[in-house]
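Notes follow once the structure below has been shown.
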Amino acid sequence: MADLATLFGAAFLAATLLPFPSEAVLFAYVALHPDRAALAVAVATVGNTAGGMATYLVGRLIPQKQLDPRAMVLLRRWGAPATLLGFLPVVGEAICVAAGWLRVHWLAALLFTAAGRLARYLAVVWGTLLAG
Numbered sequence: 123m124a125d126l127a128t129l130f131g132a133a134f135l136a137a138t139l140l141p142f143p144s145e146a147v148l149f150a151y152v153a154l155h156p157d158r159a160a161l162a163v164a165v166a167t168v169g170n171t172a173g174g175m176a177t178y179l180v181g182r183l184i185p186q187k188q189l190d191p192r193a194m195v196l197l198r199r200w201g202a203p204a205t206l207l208g209f210l211p212v213v214g215e216a217i218c219v220a221a222g223w224l225r226v227h228w229l230a231a232l233l234f235t236a237a238g239r240l241a242r243y244l245a246v247v248w249g250t251l252l253a254g
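The numbering used here applies: residue 123 is where the sequence shown begins, and numbers increase by one.
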């Protein structure tokens with residue numbers, strides 16, 4: 123259970139402005155417990171989505187913050203579906219902050235954010251299981 127809490131924490135931190143290698147933690151967990159791969163993906167996805175939504179909340183609470191212009195263009199053009207890319211390094215956090223700042227509907231942002239993060243973690247686990 124402590125391993126899953128560590129995985130959740132790593133995934134949460136990775137989705138905030140703090141750099142953290144959640145994929146490495148997920149890889150290690152699945153390598154040790156391949157029978158729990160689905161549970162690991164679920165825990166990592168929930169943790170990473172929660173971290174992304176915390177970053178979204180920062181954007182809502184601090185509207186005067188200077189934002190990455192690429193994220194602003196992306197969000198203004200595509201709206202909530204752009205948060206699907208929130209898992210990307212560096213620009214992903216800016217996308218989540220910009221979504222909050224632009225007042226993208228929170229539920230739409232949550233759903234697209236979760237979908238993007240789930241896809242990433244499924245790819246990591248799929249690669250882990252193929253390698254093992």
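We put the beta carbon where it would ideally sit given N, CA and C, even for glycine. Given the structure is predicted, the values throughout are model-derived calculations rather than measurements.
Is the separation between the beta-carbon of residue i and that of residue j shorter than 8 Å?
| i | j | result |
| --- | --- | --- |
| leucine 206 | alanine 166 | no |
| phenylalanine 142 | leucine 148 | no |
| glycine 169 | glycine 222 | no |
| alanine 162 | tyrosine 151 | yes |
| alanine 127 | threonine 250 | no |
| glycine 208 | glycine 201 | no |
| glycine 173 | alanine 204 | no |
| leucine 232 | methionine 175 | yes |
Would you give the residue range spanned by the alpha helix (DSSP H) that residue i belongs to?
| i | result |
| --- | --- |
| proline 191 | 191 to 200 |
| glycine 168 | It should be pointed out that residue 168 corresponds to valine in this sequence rather than to glycine. 159 to 183 is the extent of the alpha helix (DSSP H) around valine 168. |
| leucine 252 | 228 to 253 |
| leucine 154 | 144 to 154 |
| alanine 132 | 124 to 136 |
| valine 212 | Where valine 212 is concerned, there is no enclosing alpha helix (DSSP H), given that its DSSP letter is neither H nor E. |
Residue i: buried (16+ other C-beta within 10 angstroms of its C-beta) or exposed?
| i | result |
| --- | --- |
| alanine 245 | exposed |
| glycine 229 | Checking the displayed sequence, the identity of residue 229 turns out to be leucine instead of glycine. It counts as exposed. |
| methionine 123 | exposed |
| arginine 198 | exposed |
| isoleucine 217 | buried |
| valine 226 | buried |
| valine 253 | Per the sequence presented here, residue 253 reads as alanine, with valine not at that position. Exposed, because fewer than 16 other Cβ atoms sit within 10 Å of the Cβ of alanine 253. |
| leucine 183 | exposed |
| leucine 241 | The sequence shown places alanine at residue 241, not leucine. Flag for alanine 241 reads exposed. |
Ignore the nearest five residues each way along the sequence and tell me which others in residue i's own chain have a CB closer than 6 Å to its CB.
| i | result |
| --- | --- |
| methionine 194 | Ala220 |
| threonine 171 | Thr235, Ala236 and Arg239 |
| valine 247 | Val152, Ala159 and Val163 |
Ordered along the chain, which non-local residues of its own chain (more than five positions away) have a Cβ less than 7 Å from that of residue i?
| i | result |
| --- | --- |
| tyrosine 243 | Leu148, Val163, Ala166 and Thr167 |
| valine 180 | Val219 and Gly222 |
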